[in-house]
Ligand SMILES: Cc1cc2nc3c(=O)[nH]c(=O)nc-3n(C[C@H](O)[C@H](O)[C@H](O)COP(=O)(O)O)c2cc1C
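Residue numbers (the numbering used here): 30 to 194.
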């Protein structure tokens, strides 16, 4: 049986929701990262991701400037750092440094990848569209990486208020 609900009540039922880190690098070389739940694969030939990134995010500013970003699937051991990346803006804070995460050079873009993530995808900006109120950033994957340890599992958001584990 179903009953009519508000959109908020219905969206409360969406969990578990995936979470990724969107990593960027400023033209001066500062690494930034944010947590994103609104993300999906939208093409496999060529491979592409779509992410919803709010107007206020420093990440969006950097993607517009550099046309590059990395999508990382954080591991469960990265819960604290992912929450930090998702609750602090990078305009005036060096989140790459403060997060304590380890970054290593990628293969195709100037943005580094996360050493401890389950997987990383180096992306080049294809388009930013705005069908609703949130800018949707579409990136083509130029190179992908996986953790050499197959036992490392992916971090998931289990509920409202960011229940990351
Ligand atoms: C689990 C989680 C999921 C999030 N999902 C999104 C999202 O899909 N889109 C978005 O714009 N912000 C999302 N946020 C909030 C951003 O990560 C947050 O605003 C961040 O501070 C932006 O960082 P920046 O300004 O350095 O880019 C999420 C935060 C968390 C903790």
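Heads up, the beta-carbon is just placed ideally off N, CA and C, and yes, glycines get one too.
- Looking at the backbone, the Cα of residue 176 and that of residue 119 are separated by about 26 angstroms.
- Under DSSP, residue 84 takes part in no beta bridge, so it has no partner.
- Relative to residue 93, the option among 46, 155 and 40 whose CA is nearest is 155.
- With at least 16 other beta carbons inside 10 angstroms of its own, residue 61 counts as buried.
- Within the region 133 to 162, there are no complete alpha helix (DSSP H) runs of at least 4 residues.
- When secondary structure is reduced to three states using DSSP, residue 127 falls in the helix class.
- Counting the other CB atoms within 10 Å of its CB gives residue 34 a total below 16, which places it among the exposed residues.
- Per DSSP, reduced to three states, the secondary structure at residue 191 is coil, with no helix or strand assignment.
- When rounded, the separation of the alpha-carbon atoms in residue 172 and residue 150 is 6 angstroms.
- Comparing alpha-carbon positions, the option among 70, 102, 174 and 64 lying closest to residue 88 turns out to be 64.
- Using a cutoff of 7 angstroms, the CB of residue 147 does not count as near ligand 1, since none of the ligand's heavy atoms is closer than that.
- With the rule of 3 Cβ pairs closer than 8 angstroms, the region 66 to 80 counts as touching the region 153 to 169.
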